[in-house]
Structures are given as structure tokens and as C-alpha cells.
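Under numbering that gives the first Met the number 0, the first residue of the sequence shown carries the number 0, and numbering increases by one thereafter. Heads up: the structure comes next, in C-alpha cells.
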Amino acid sequence: MPIHILGIRHHGVGSAKNVREQLKLLQPDMILVEGPPEITDTLQRIGHPDLKPPVSVMVYNTENPKQSVFYPFAEYSPEWVAAAYAHQNNIPLRAIDLPAAIGFQMANDEIKEASEAAENPNEPLENEEVLEPMEGIVVRDPLHYLADIAGFSSGSQFWEHYFEKQHFPLHPTEHFEAVTMAMTALRDEQIPSVLEKENHYREAYMRELMRKAQNELYQNIVVVCGAWHAPALLDLDKTAKADSKILKSLPKTKIKTMATWIPWTNKRLSLTSGYGAGIESPGWAEHLWKTPHEYDLRWLTKVASVFRKKQVDISTAHVIEASRLAESLAALRQQANPNLGELNEAVLAVMCMGDGIMLNLVREELIVGKKLGKVPDDVPKVPLQGDFERTLKSLRLPLTANAKQYDLDLRNENDLQRSIFLHRLELLGMTWPKRADSRSKGTFRESWTLEWEPEMMISLIEKAYLGNTIEIATQQVVIQQLETETSVGNIALLIQRAIPAELFGVMELLLTKLNDLATLSSDVIDLMTAYPPLVQISRYGNVRKTDLSLMQGLVERLIIRICIGLPNACYGLDDANADKMFIKIGQVNEAVLLTDIAETSAVWLETLKKLLEKTGISPLIVGCTCRLLLDAQHLSDEEANRHLSYSLSIANTPTDVAAWLEGFLRGSGMILIYDHKLWNLVYQWVASLTPEIFMELLPILRRTFSKFEYAERRQIGEKAKKGQIVDTNTNITTSFSLLDTERAEQILPVLKMLMGNV
0 MPIHILGIRH HGVGSAKNVR EQLKLLQPDM ILVEGPPEIT DTLQRIGHPD
50 LKPPVSVMVY NTENPKQSVF YPFAEYSPEW VAAAYAHQNN IPLRAIDLPA
100 AIGFQMANDE IKEASEAAEN PNEPLENEEV LEPMEGIVVR DPLHYLADIA
150 GFSSGSQFWE HYFEKQHFPL HPTEHFEAVT MAMTALRDEQ IPSVLEKENH
200 YREAYMRELM RKAQNELYQN IVVVCGAWHA PALLDLDKTA KADSKILKSL
250 PKTKIKTMAT WIPWTNKRLS LTSGYGAGIE SPGWAEHLWK TPHEYDLRWL
300 TKVASVFRKK QVDISTAHVI EASRLAESLA ALRQQANPNL GELNEAVLAV
350 MCMGDGIMLN LVREELIVGK KLGKVPDDVP KVPLQGDFER TLKSLRLPLT
400 ANAKQYDLDL RNENDLQRSI FLHRLELLGM TWPKRADSRS KGTFRESWTL
450 EWEPEMMISL IEKAYLGNTI EIATQQVVIQ QLETETSVGN IALLIQRAIP
500 AELFGVMELL LTKLNDLATL SSDVIDLMTA YPPLVQISRY GNVRKTDLSL
550 MQGLVERLII RICIGLPNAC YGLDDANADK MFIKIGQVNE AVLLTDIAET
600 SAVWLETLKK LLEKTGISPL IVGCTCRLLL DAQHLSDEEA NRHLSYSLSI
650 ANTPTDVAAW LEGFLRGSGM ILIYDHKLWN LVYQWVASLT PEIFMELLPI
700 LRRTFSKFEY AERRQIGEKA KKGQIVDTNT NITTSFSLLD TERAEQILPV
750 LKMLMGNV
């Protein structure tokens with residue numbers, strides 16, 4: 000019974016074309032492909048109209064989905080071509096590599112052995128084989144040895160030249176004979192492979208399954224496998240006894256696996272993604288597969304189209320000249336046709352005018368490409384994965400290989416449901432949705448950036464034990480976090496995230512836990528951390544139509560507890576803790592302003608006023624407090640002048656004055672521009688410093704002023720040129736004004752027209 004071994008390169012276009020032609024010639028009654036037996040049933044779906052490459056079979060440990068392995072396929076993958084042929088001709092197809100479950104068990108055993116070796120470095124492992132090092136032998140790609148002889152810089156280039164490009168066209172049968180001869184020569188010389196130990200088991204298992212197919216009386220069997228394995232699969236009779244011994248040494252395993260199709264991307268097929276069997280240019284490979292002749296001119300036409308979409312002027316003449324240059328370069332290099340290298344050089348010279356950045360656009364859009372595969376809805380999958388994909392379809396959120404931003408208007412029902420879904424995925428730990436800066440500051444606007452990576456499916460599948468739907472799984476994640484959480488602030492943040500996700504099923508648990516902890520907590524910092532998120536939550540009330548009446552009483556009690564404990568919490572803080580308290584006070588102040596409740600504001604401002612009079616408070620906090628009270632107009636002119644004069648007095652140490660200024664000015668320098676009295680006090684204080692002290696304080700002052708807007712820094716600089724302001728009775732800076740009165744008057748007629756000649 001003949002067995003035909005077709006040695007290929009994974010994702011090799013030339014290999015795929017030869018496999019297609021050889022299958023037509025051989026007309027087999029059984030096809031065996033490299034891959035774990037767990038994917039055999041999954042491969043039967045190749046040929047389904049809704050299964051569009053690039054896609055991948057994902058095999059994972061059902062108890063630990065993070066332990067998984069991917070088997071990607073492109074339209075030009077030889078295994079895909081073989082499976083498609085089997086589907087079209089109703090031929091049995093099987094995968095014959097080492098089972099993934101055994102591979103997972105071997106990986107677990109290696110981790111366990113490594114851990115035991117680390118704990119007992121002097122004790123040898125059981126059944127440990129001691130191998131003598133081979134001096135002068137460097138383990139590398141076996142093809143590299145042939146490449147050295149033929150004058151190529153890498154084994155990949157050698158393979159491309161002789162077996163993929165087909166500069167010397169061979170009959171498919173001769174092609175596979177040449178591949179087997181090359182690999183046999185390397186293996187006869189005992190050239191080591193990087194995966195030598197693993198291949199030892201894999202090839203024994205492949206041969207065993209090939210014998211099984213023979214015993215089932217298939218008459219014409221074709222095996223499609225990696226070229227390196229081809230010689231090892233030729234003589235099944237001689238190796239039967241040895242294979243039996245090898246297979247008995249494989250570890251026993253109870254690991255259960257599941258296989259499913261998932262979408263893949265061109266980017267993940269490329270070598271730059273870290274994929275061991277990847278190729279340098281998936282987009283170019285697809286072009287070669289679909290365009291058997293005149294591929295240079297058609298490729299250049301695609302390049303021109305990409306540039307035109309980016310508003311770059313590219314004419315037909317550019318395409319013609321680039322084609323001529325590529326053909327000339329190929330002739331100089333004694334090649335029958337231009338390769339991608341010649342085409343890229345021609346594009347760079349003719350279309351990009353030598354600009355490498357423009358060529359990067361071609362590399363991103365065409366050479367690699369942004370293609371994303373598609374998987375049928377009815378493929379086997381865990382319930383959570385199914386709910387995820389159904390929700391994507393109902394909300395019209397397609398998975399895309401390139402980043403796409405969605406600006407959501409929460410007043411629109413579909414956008415609101417999208418927001419709820421994305422917030423739930425964020426709580427689940429999915430990295431697919433990422434927050435983006437919204438163009439609008441309104442609470443009814445949200446922006447998200449979505450960019451799909453195939454590995455994200457692992458993150459989803461490993462959450463399958465939490466529930467069958469995204470909503471139930473997200474609720475379970477929140478409950479698990481709640482069980483171990485003891486911080487009021489963290490629970491408040493969790494509530495803030497749960498509200499937009501509409502996890503109302505756990506809201507009562509969250510509020511109860513928050514109320515219990517807040518009642519018992521004496522940690523003012525923790526309470527201050529909790530307060531802003533709880534106030535922010537109230538902003539979702541109108542848009543998301545959520546009942547937040549239970550929250551109001553909790554928020555009011557929280558601010559009272561903060562105000563009672565704040566003065567003592569600020570006493571005696573070092574610089575680092577004072578800075579943290581400074582940030583917390585600012586956040587709570589913003590939250591108080593957001594509530595817009597007069598009673599709450601009054602209590603808060605009175606608490607801040609107590610900090611001004613209390614001794615032992617860091618100047619940084621005092622400066623911050625003074626600024627907040629001044630902005631709220633809660634200080635009289637006399638009180639403000641007294642505090643400013645005292646704080647900037649030369650009787651204080653320079654470091655204290657610098658810290659007070661940082662607290663007072665951080666966030667905005669406008670007060671220095673418009674308040675001449677404060678300006679003069681600051682100016683006099685700076686003038687009183689000795690050069691040594693000034694240089695010592697310079698980093699603090701630079702840190703403070705660097706936070707100002709550019710326009711503020713420019714105006715402060717202009718004001719500094721004029722020195723002290725003599726007229727301090729006006730609130731308008733006139734001594735350094737750059738106002739052009741003549742130009743300003745030109746706007747008056749337009750203003751009169753807009754305002755109705757008022």
C-alpha cells in the first residue's frame with residue numbers, strides 16, 4: 000500500500016501549490032496532516048463557506064485554558080489546501096501529530112522537575128539522563144548548513160529560492176523528492192535540530208498512526224508534514240518495534256482538551272509576532288497565491304491604490320516606471336522575475352522618492368496586511384464564548400485586526416448597550432476594549448478603542464467557569480473581589496465600575512459592604528479615596544436611568560466623617576504623606592463642588608478653614624487649603640491678606656515658603672497674573688533669597704511652574720520683566736499689557752450685529 004510523503008514548509012506558497020497539484024495527480028483515498036489528533040474533527044469544517052482564513056485551531060486544557068496551543072492556517076497553508084481537497088472530494092482526513100494533552104502533561108512535568116531541582120540542587124532527578132556536551136556544535140536551523148554551501152545568508156532564503164520561488168520549475172513529484180533528499184542528507188549527517196527531543200516522540204507517534212491507517216486498508220495514503228519529518232516517515236516496518244518502546248515511555252495524562260476555531264490575523268502569521276513557523280510577509284504570500292502570473296505589475300497597482308487612499312499623488316506612470324526598475328533589478332541579480340525585495344526597492348525609489356516612512360505604510364497595509372479571518376457561528380465553543388459572539392453581532396461590534404475607535408452617545412439605545420457590554424468586558428479583565436479620550440466632556444459621551452488579538456480568546460475562555468453569559472460571569476468576578484476586600488475606597492471604585500456595567504444583581508451587596516466598612520473605618524485617607532467615586536456615580540443617574548437614592552445618604556455620612564477626622568489626619572505629616580494628602584484634599588474638594596449641596600459645601604469649607612489655624616500642618620497642605628478657600632470666596636480680604644503675608648514672610652524658612660507656594664499655585668497660575676498683591680509678595684520673597692538658597696529651592700519652584708499652561712507661563716514671564724506692580728488697586732494688569740487696541744476695535748461691529756445692536 001503506497002504512502003506518499005509530501006514535505007512542506009508551513010504557510011509556504013510554493014509548497015501549497017505543489018501539494019494542490021500532487022493531490023490531483025495522486026488522487027488519494029486518505030490524507031494525513033501534521034497536527035494533534037484533537038483537531039481532526041475541527042479540520043472537517045475546512046470548506047465551510049463561513050470559515051475564512053486566516054483562522055486558527057485553538058486547543059486548550061479545559062481545566063486550565065491558559066495552557067493552550069494554536070494551529071494557524073492561511074489560504075495558502077499546505078495543510079489547509081490538503082484539507083480543502085479532502086472536503087471537496089469526500090476523502091477522510093486525520094491529524095497525526097503527538098496529542099496536545101500529552102504535550103501539556105510533558106510541559107507540566109518539566110515545570111515540576113525544574114521546581115524540584117531548584118529546591119534540591121544537589122539531588123539528581125529520577126531517571127535523569129546525563130548528556131555529554133558536544134564541543135563546537137551550535138544547534139541552529141538545519142537548513143542553514145545547506146544555505147552556507149549555496150551562498151545564502153539563512154536557511155529561510157535557501158528554502159525560498161529552491162523550493163518556494165520555483166526559479167527552476169519541477170514537476171510536483173520531483174519537487175517533493177528533492178525536498179526529501181535534502182532533508183535526508185541533513186539527517187544522515189546527524190545535524191541536530193532545536194526540537195530534537197520533542198521530534199523523537201512526535202515522529203514515533205506519526206508513524207504509529209500511519210500504520211493504523213494502513214491496517215484500515217486504505218490503498219493510497221498521502222501525508223502532508225513539515226519537511227524535516229519527511230525522511231523519518233518513510234520506512235514504517237523497520238521502526239515499528241522501536242516506536243512501540245518510545246510510545247510506552249510517554250507520560251500518562253488525564254488532561255481533557257477542547258478544540259475550536261478562532262479568528263486569526265495576518266500580523267499574527269508574521270515572524271515579527273514571535274510565531275515560530277511565521278513568514279515575513281503574509282500579505283505578499285496571499286498575493287502570490289492568488290496571482291500566478293504578472294504578479295509584479297498587479298502588486299504595484301495595489302501599492303498605488305494604498306498611496307492614493309492616503310491622498311498621495313501616484314500616477315500610472317509611477318506604476319510603469321517602478322515595474323521597469325524592478326524587472327531591471329531582477330535581471331541584474333539573475334532572477335527570472337522580481338521578488339518582493341526588488342519591488343520594494345522600486346517602490347522606494349519611484350513612488351516614495353526615497354522616503355522610508357512611506358514604504359512602512361506599504362509594509363503595514365500590504366506586505367503584512369490587516370486581514371482578520373472569520374469563523375462560523377456553529378463551531379463548538381464554551382457557552383460564555385458563544386454569548387460573547389452573539390452579543391457582538393447584535394450590537395454590530397465586529398472584531399477587527401486594526402484599532403478602531405467608537406464614540407458612544409449614551410442617549411442612543413444601541414450605544415448605551417454597547418457601553419454596558421464594554422464595561423462588563425473591562426471588569427472581566429478583557430483587554431480588547433480600551434478607554435479613549437472622549438471629544439465631549441458630557442457624561443453622555445464615551446470613547447473606546449477596540450483592537451482584537453487572537454490571544455484574547457484565552458482570557459475569555461478561562462472565565463467560562465464563572466457563568467454562561469457575560470453578565471453572570473462579570474457579576475461573579477465582582478462578588479469574588481468583594482469577598483476579600485476591606486478597603487472602603489476600593490469598594491467605592493468597584494461600585495463606580497459596576498454602575499455603568501449595569502450589574503444591579505450585585506449592587507445591594509456592594510452598598511451593604513460599603514456601608515458596613517464606612518461605619519467602622521477610622522482611616523480618613525480611605526474615606527477620602529471613596530468619596531469622589533461615589534459622587535461621580537451620581538452623574539450616571541439621568542443617562543443610565545439607575546436608582547441611586549440609596550447612595551445619597553451614604554455620601555452625606557461619608558463627608559461628615561471626613562470633615563471630623565481631617566484636621567487630625569493632616570497633623571505632623573512628612574513631605575511624602577503631605578503630598579498624598581494634598582492630592583486627596585483636591586479630589587474631595589472637586590467632588591464637593593460636583594454635589595452642589597450648600598450644606599455639604601459649608602461643612603467642608605469650615606473644615607478647610609480649621610486647617611489654616613491649626614499648627615503642625617505641612618505648608619504644602621496649608622497653601623492648598625488657602626487657595627481652595629480663596630477660590631470659594633470663603634476668606635475675607637483681610638483674612639486673605641493676613642495669611643498671604645504671614646506665609647510669604649521672610650521670617651519663614653525658604654523651604655516652608657516654597658512648599659506653601661507649591662500648594663497654593665499647583666494647578667493654575669492665573670492668580671499670579673491677576674492678583675497684584677500676591678504677585679508683589681511673591682516677587683519680594685524671591686528677591687530676598689540668597690543665590691545659594693535660590694538654587695536649592697529651584698527644583699521645587701520649577702516643578703510648580705511646569706504644571707502651568709504655556710500661555711500662563713508666558714504671561715507670568717512678561718509680568719516678571721516689569722517687576723513689582725505699583726498700582727495694586729485694580730484687578731486688571733495694565734503695566735505689561737500686549738493689547739492692540741486698534742485690532743481689538745475691529746471686532747466691535749461684528750459683536751454688535753450678533754447681539755442685535757445692543
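Note that CB positions come from ideal geometry on N, CA and C, so glycine has one too. Here the structure is a predicted model, which is why all the values come from computation and not from measurement.
Relative to Leu97, the option among Ala631, Ile38 and Arg702 whose CA is nearest is Ile38. Per DSSP, the beta-bridge partners of His3 are Val221. In the pairwise beta carbon analysis, the stretch 227 to 242 is classified as not touching the stretch 273 to 289: fewer than three pairs are separated by under 8 Å. Within 10 angstroms of the beta-carbon of Arg389 lie fewer than 16 other beta-carbons, which makes it exposed. By alpha-carbon distance to Leu415, the top candidate from Leu398, Trp447 and Trp431 is Trp447. By the CB criterion at 8 Å, Lys462 and Ile524 fall outside the cutoff. Cα atoms of Glu341 and Lys289: separation of roughly 20 Å, rounded to the nearest angstrom. Counting along the chain, the unbroken beta strand (DSSP E) around Met29 starts and ends at Met29 to Val32.
For Glu176, the closest alpha carbon among the candidates Val374, Ile471, Val487 and Ile7 is that of Ile7. Distance from the CA of Ile356 to the CA of Leu347, rounded to the nearest whole angstrom, comes to 10 Å. For Arg701, the closest alpha carbon among the candidates His675, Glu661, Leu677 and Ala719 is that of Glu661. The shortest CA-to-CA distance from Gln104 to any of Glu711, Met57, Leu249 and Glu115 is the one to Leu249. Bounds of the alpha helix (DSSP H) holding Ile536 are Val523 to Ile536. Under the DSSP assignment, Asp408 falls outside any alpha helix (DSSP H), being part of the beta strand (DSSP E) whose first and last residues are Lys403 to Asp408. Rounded to the nearest angstrom, the gap between the Cα atoms of Ala577 and Ser648 is 22 Å. Under a 10 Å Cβ-count criterion, Thr315 is classified as exposed, with fewer than 16 other Cβ atoms of the shown protein chains found around its own Cβ. Counting only the Cα atoms, Leu296 lies some 40 Å from Pro432. Secondary structure within the stretch 344 to 386: not one fully enclosed beta strand (DSSP E) run of 3 or more consecutive residues is present.
At the C-beta level, Ile245 and His170 stay beyond 8 Å of one another. Closest in alpha carbon position to Arg496, among Val554, Arg434 and Leu516, is Arg434.
In the structure shown, Trp263 adopts coil according to DSSP, grouped into three states. With distances taken between CA atoms, Leu627 lies nearest to Leu611 out of Met182, Leu526 and Leu611. Taking Leu360 as the centre and dropping the five residues before and after it, the same chain places the C-beta of Val305, Phe306 and Lys309 closer than 8 Å to its C-beta, in chain order.
Nearest neighbour of Leu232 by Cα position, chosen from Lys255, Ala258 and Tyr204, turns out to be Tyr204.
In the structure shown, the three-state DSSP call for Ala568 is helix. By the neighbour-count criterion, in which 16 or more other beta carbons inside 10 Å mark a residue as buried, Arg44 falls on the buried side. DSSP, reduced to helix, strand and coil, places Pro36 within a helical segment of the structure shown.
Inter-segment contact for the stretch 82 to 93 and the stretch 406 to 425 is absent: fewer than three beta-carbon pairs are separated by less than 8 Å. A direct Cα-to-Cα measurement between Met182 and His317 gives close to 44 Å. Excluding its 5 nearest sequence neighbours in each direction, Leu42 has C-beta neighbours in its own chain below 7 Å: Ala82, Leu92 and Ala94, listed in chain order. Annotation: Ala463 is outside any alpha helix (DSSP H) and is labelled neither H nor E by DSSP.
Burial is judged here by how many other beta carbons sit within 10 angstroms of a residue's own beta carbon; Met580 has at least 16 and is buried. Taking C-beta atoms as the reference points, Trp260 and Val178 fail to come closer than 8 Å. Residue environment: Asn413 is assigned as exposed (fewer than 16 neighbouring CB atoms within 10 Å of its CB, all protein chains considered). Tyr161 is bridged by DSSP to nothing; it lacks a bridge partner. DSSP, read as helix, strand or coil, puts Asn411 in coil.
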